[in-house]
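When we follow the working numbering, the leftmost residue of the sequence shown carries the number 29, and every step to the right adds one.
Even for Gly, the Cβ is constructed at its ideal location relative to N, Cα and C.
Take a look at the structure below.
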Amino acid sequence: MTCSDSSMNSESQLVDELDSFDAGKRERALRALAARGGHDRHVERLDVGMHFHTFHSYNSSGYSPSRLAWEARKAGLHAAAICDFDVLDGLEEFLGACRLLRLRGACHVETRAFLRDFADVDITSPGEPGVTYIMGAGFPSVPDPSTDAGRGLAAMGAAARKRNVDLVARINACLPEIALDYEKDVVPLTPGGNATERHIVRAYLEKAAVHFRHADRTASFWSGVLKIHLDEAAVLMADVPAMEEKVRARLAKKGGLGYEAPTSSTFPPAEEFTSWVRACGAIPMVTWLDGTSPGESDARRLMDVMRSVGAATLNIIPDRNWNIRDPAQRKVKTAKLREIVALCEEINMPINIGVEMNKQGLPFADDLGGPELKEYAEIFRRGALIMVGQTLLARYAGFSYLGDRALEEFPETGARNRFFEAVGRLPPLDEAAEARLRDAGKEGAFSMLHDRATKGIAGVSK
29 MTCSDSSMNS
39 ESQLVDELDS
49 FDAGKRERAL
59 RALAARGGHD
69 RHVERLDVGM
79 HFHTFHSYNS
89 SGYSPSRLAW
99 EARKAGLHAA
109 AICDFDVLDG
119 LEEFLGACRL
129 LRLRGACHVE
139 TRAFLRDFAD
149 VDITSPGEPG
159 VTYIMGAGFP
169 SVPDPSTDAG
179 RGLAAMGAAA
189 RKRNVDLVAR
199 INACLPEIAL
209 DYEKDVVPLT
219 PGGNATERHI
229 VRAYLEKAAV
239 HFRHADRTAS
249 FWSGVLKIHL
259 DEAAVLMADV
269 PAMEEKVRAR
279 LAKKGGLGYE
289 APTSSTFPPA
299 EEFTSWVRAC
309 GAIPMVTWLD
319 GTSPGESDAR
329 RLMDVMRSVG
339 AATLNIIPDR
349 NWNIRDPAQR
359 KVKTAKLREI
369 VALCEEINMP
379 INIGVEMNKQ
389 GLPFADDLGG
399 PELKEYAEIF
409 RRGALIMVGQ
419 TLLARYAGFS
429 YLGDRALEEF
439 PETGARNRFF
449 EAVGRLPPLD
459 EAAEARLRDA
469 GKEGAFSMLH
479 DRATKGIAGV
489 SK
């Protein structure tokens with residue numbers, strides 16, 4: 029055995045290796061960490077984090093699926109889920125890490141789609157009328173590339189790549205001093221090549237720093253691009269999250285150098301995406317920004333339209349609605365949060381929450397015991413457990429939340445929610461339990477999960 033073996037490394041070294049782009053190194057590091065048992069010393073809280081981006085799309089700390097599972101387990105989260113843009117590259121790694129660490133887990137995907145009923149107003153993508161962020165939740169597996177679902181996943185990734193390449197070309201034409209080579213400067217920033225706007229922004233910031241060499245010259249450049257005073261640019265450069273947001277707005281968002289107004293053909297129709305999600309055995313999910321855009325102002329209409337195109341769950345980033353300095357804005361947005369949660373309760377729509385980790389300065393997870401969110405704590409935990417139950421039932425029993433069999437056995441949404449929540453509430457799956465489920469086959473796995481979950485639960489029957 030040499031000093032380079034994982035078993036000989038310090039915990040901090042092993043944790044750093046969890047973010048390696050080498051999948052084998054990540055797995056060895058995680059198993060070495062798990063063998064030490066440090067994660068088992070952390071008491072489980074009832075907080076949940078069901079929307080973590082990984083380095084397969086954009087994580088501001090560069091966290092891999094394994095690293096997120098490790099951090100979630102150490103933080104004592106009751107459940108956790110990853111959610112990457114346009115890919116499911118982290119699914120098997122994350123769920124495997126959850127089994128190794130005994131953490132309830134799920135895997136989601138996020139993209140943008142076009143909603144015809146709101147074609148003339150902003151919804152969740154500011155400055156892009158008709159465009160909405162949208163998700164699929166609780167994917168049981170990565171679809172086979174030879175299937176329609178697999179081809180749909182590949183097409184989604186290809187479309188995202190084309191939008192990125194075109195965006196970079198437009199920005200390069202305006203900023204030739206720091207023009208990027210997409211393949212050389214952007215693609216290597218993520219292990220699978222699935223870059224996002226945030227990777228593009230980071231690449232331009234890095235290219236400017238290298239090209240201009242000195243901080244004063246770099247600040248002078250950005251002051252011109254951002255149309256701000258030189259002193260303001262120098263201060264802004266020291267605040268990385270604020271700088272990235274400012275540059276992103278100037279380069280990629282409405283009115284920016286590389287912005288191009290989307291059309292109905294830029295993004296897939298929302299109903300096309302929700303159909304693909306269902307074909308994968310997952311749950312189509314609405315995303316909600318903060319309730320203040322024209323498209324979100326009438327929450328009931330938005331939810332009616334989204335349900336009509338196939339969505340059955342809702343994602344919220346609660347931090348956007350209460351962690352606000354301006355008291356007036358905070359009052360408006362906390363009221364909007366209360367409104368949307370009440371509506372979801374009325375229509376029995378599960379809610380998924382998280383912090384994304386797509387920019388620095390965000391908390392790792394929402395504090396459901398804090399004064400701002402404690403009134404929603406049970407609702408948010410219930411939603412998380414439904415996502416976990418969906419993952420287990422769809423993955424091992426072929427019994428998905430919106431599948432024909434689930435709709436037949438649980439036609440009433442409330443009863444279906446209680447059943448999937450009960451399955452999600454079971455002790456976290458470990459590697460031995462997974463082997464038993466797989467060995468039992470789909471029917472056997474369903475019986476095992478059903479029988480363990482439904483004892484004493486009113487309103488649930490097989």
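Subject >> Local conformation of C111 per DSSP, three classes >> reply: The count along the sequence shown starts at 1 and reaches residue 111 at position 83. DSSP places C111 in strand when its eight states are reduced to three.
**OP:** Can you say whether Q418 is buried or exposed, counting buried as having 16 or more other CB atoms within 10 angstroms of its CB?
**Re:** In the sequence shown, counting from the first residue as 1, residue 418 sits at position 390. Buried, by the Cβ-count rule.
Original post:
Short check: CB of F392 to CB of A57, under 7 angstroms?
Top reply: Numbered from its first residue, the sequence shown carries residue 392 at position 364. Numbered from its first residue, the sequence shown carries residue 57 at position 29. Contact: no.
**OP:** Using three-state DSSP, classify M313 as helix, strand or coil.
**Re:** Here the question's residue 313 lines up with position 285 in the sequence shown. Here M313 sits in strand by DSSP.
Original post:
In the structure shown, what three-state DSSP assignment does G221 receive?
Top reply: The residue labelled residue 221 in the question sits at position 193 within the sequence shown. Coil.
Original post:
For L390, which residues of its own chain have a beta-carbon under 6 angstroms away from its beta-carbon, when the five flanking residues on both sides are left out?
Top reply: Numbered from its first residue, the sequence shown carries residue 390 at position 362. Correct list, in chain order: V383.
Original post:
DSSP three-state call for T160: helix, strand or coil?
Top reply: Residue 160 sits at position 132 when you count from the first residue of the sequence shown. Strand at T160.
Original post:
Quick one: Cα of N376 to Cα of E459, how far?
Top reply: Position 348 of the sequence shown, counted from the start, is the residue given in the question as residue 376. Position 431 of the sequence shown, counted from the start, is the residue given in the question as residue 459. Cα to Cα, the separation comes out at about 33 angstroms.
**OP:** Quick one: using the 10 Å Cβ neighbour count with 16 as the cut-off for buried, is D47 buried or exposed?
**Re:** Within the sequence shown, residue 47 is the residue found at index 19, counting from 1. Under this definition D47 is a buried residue.
Original post:
Can you name, in chain order, every residue of its own chain whose Cβ lies under 7 angstroms from the Cβ of K364, other than the five neighbours on each side?
Top reply: Indexing the sequence shown from 1 puts residue 364 at position 336. The answer, listed in chain order, is D318, G319, T320 and N349.
Original post:
With burial defined as no fewer than 16 other Cβ atoms inside 10 Å of the residue's Cβ, what is the status of P296: buried or exposed?
Top reply: The residue you call residue 296 lines up with position 268 of the sequence shown. So P296 ends up on the buried side.
**OP:** Give every residue of the same chain whose Cβ lies closer than 8 angstroms to the Cβ of A463, excluding the five residues on either side of it in the sequence, and list them in chain order.
**Re:** Here residue 463 corresponds to residue number 435 of the sequence shown, with the count starting at 1. Taken in chain order, the list of residues that qualify is empty.
Subject >> Of the residues R444, E72 and D347, the one placed nearest L129, counting alpha carbons only >> reply: Along the sequence shown, one-based indexing puts residue 129 at 101. The shortest Cα separation from L129 among R444, E72 and D347 belongs to E72.
Original post:
How should L181 be labelled, buried or exposed, when 16 other C-beta atoms within 10 angstroms of its C-beta is the threshold for buried?
Top reply: As a position in the sequence shown, residue 181 is number 153, starting the count at 1. L181 should be labelled buried.
**OP:** On a CA-only basis, which of K470, A412, I379 and Y404 is nearest L421? Give me that one, please.
**Re:** Along the sequence shown, one-based indexing puts residue 421 at 393. Nearest option by C-alpha distance: K470.
**OP:** Reducing DSSP to helix, strand and coil, say where H79 ends up.
**Re:** Here residue 79 is taken as the residue at index 51 of the sequence shown, counted from 1. H79 falls in the strand class under three-state DSSP.
Original post:
How many angstroms separate the CA atom of V253 from the CA atom of Q388?
Top reply: Here residue 253 corresponds to residue number 225 of the sequence shown, with the count starting at 1. Here residue 388 corresponds to residue number 360 of the sequence shown, with the count starting at 1. Roughly 23 angstroms between the two C-alpha positions.
Original post:
Of the residues Y91, S92 and A187, which one's Cα is nearest the Cα of R140?
Top reply: As a working note, residue 140 is residue 112 in the sequence shown. Ranking the options by Cα distance to R140, first place goes to A187.
Subject >> Alpha carbon of D432 to alpha carbon of P171, nearest angstrom >> reply: The count along the sequence shown starts at 1 and reaches residue 432 at position 404. The count along the sequence shown starts at 1 and reaches residue 171 at position 143. For D432 and P171, the distance between alpha carbons rounds to 19 angstroms.
Original post:
Since H136 is in the beta strand (DSSP E), which residue starts that stretch and which ends it?
Top reply: Indexing the sequence shown from 1 puts residue 136 at position 108. Per DSSP, H136 belongs to the beta strand (DSSP E) from G133 to F142.
**OP:** Out of R95, S88, G90 and F80, state which residue places its alpha-carbon closest to the alpha-carbon of R59.
**Re:** By 1-based counting over the sequence shown, the position of residue 59 is 31. It is R95 whose Cα lies nearest to the Cα of R59.
Subject >> As assigned by DSSP and simplified to three states, the class of I414 >> reply: Position 386 of the sequence shown, counting from 1, holds the residue named residue 414. The answer is helix: DSSP assigns I414 an H, G or I state.
**OP:** Could you tell me the distance, in whole angstroms, from the CA atom of G65 to the CA atom of E39?
**Re:** Start at 1 with the first residue of the sequence shown, and residue 65 comes out as number 37. Start at 1 with the first residue of the sequence shown, and residue 39 comes out as number 11. Approximately 11 angstroms between the Cα atoms of the pair.
Subject >> DSSP bridge partner residues for L342 (one or two, in chain order) >> reply: The sequence position of residue 342 within the sequence shown is 314, counting from 1. Paired residue(s): V314 and I379.
**OP:** Report all residues from its chain with a CB closer than 8 angstroms to the CB of G158; omit the five preceding and five following residues, and keep chain order.
**Re:** Residue 158 sits at position 130 when you count from the first residue of the sequence shown. Excluding positions up to five away in sequence, the list reads F142, L143, R144, F146, A147, D148, V149, I151, P290 and S292.
**OP:** Give the secondary structure of A393 by DSSP, where H, G and I count as helix, E and B as strand, and everything else as coil.
**Re:** For the purposes of this step, residue 393 is identified with residue 365 of the sequence shown, where counting begins at 1. In this structure, A393 counts as coil in the three-state DSSP scheme.
Original post:
Any idea what DSSP makes of A165, helix, strand or coil?
Top reply: Residue 165 sits at position 137 when you count from the first residue of the sequence shown. If DSSP states are grouped into helix, strand and coil, A165 belongs with the strands.
**OP:** Please confirm if the stretch 297–317 is in contact with the stretch 118–129, defined as three or more CB-CB distances below 8 angstroms between the two stretches.
**Re:** no
Subject >> For F249, the first and last residue of its enclosing alpha helix (DSSP H) >> reply: Numbered from 1 along the sequence shown, position 221 holds the residue referred to as residue 249. Unbroken alpha helix (DSSP H) run through F249: A243 to L254.
**OP:** Since I believe L413 is in contact with A97 (beta carbons under 8 angstroms), could you give me their beta-carbon distance rounded to a whole number of angstroms?
**Re:** Taking the sequence shown and counting its residues from 1, one reaches residue 97 at position 69. Taking the sequence shown and counting its residues from 1, one reaches residue 413 at position 385. A97 to L413, Cβ: 17 angstroms. No contact.
**OP:** Could you tell me whether the stretch 217–230 touches the stretch 332–344, using the rule of 3 or more Cβ pairs below 8 angstroms?
**Re:** no
Subject >> As assigned by DSSP and simplified to three states, the class of E384 >> reply: What you label residue 384 is simply residue 356 of the sequence shown in a count that begins at 1. Strand.
Original post:
Contact check, A339 vs M313 under 8 angstroms by CB: the rounded distance?
Top reply: Reading the sequence shown from its first residue, position 311 is the one you call residue 339. Reading the sequence shown from its first residue, position 285 is the one you call residue 313. That belief holds up - the Cβ atoms of A339 and M313 are roughly 6 angstroms apart, short of 8 angstroms.
Original post:
According to DSSP, what are the bridge partners of P297?
Top reply: Within the sequence shown, numbered from 1, the residue matching residue 297 stands at position 269. DSSP output for P297 lists F142 as bridge partner(s).
Subject >> Local conformation of N200 per DSSP, three classes >> reply: Against the sequence shown, residue 200 aligns to sequence position 172. Helix, per DSSP.
**OP:** In the DSSP assignment, find the alpha helix (DSSP H) that holds I368 and state where it starts and stops.
**Re:** For the purposes of this step, residue 368 is taken as residue 340 along the sequence shown, with counting starting at 1. P355 to E374 is the span of the alpha helix (DSSP H), which, as asked, contains I368.
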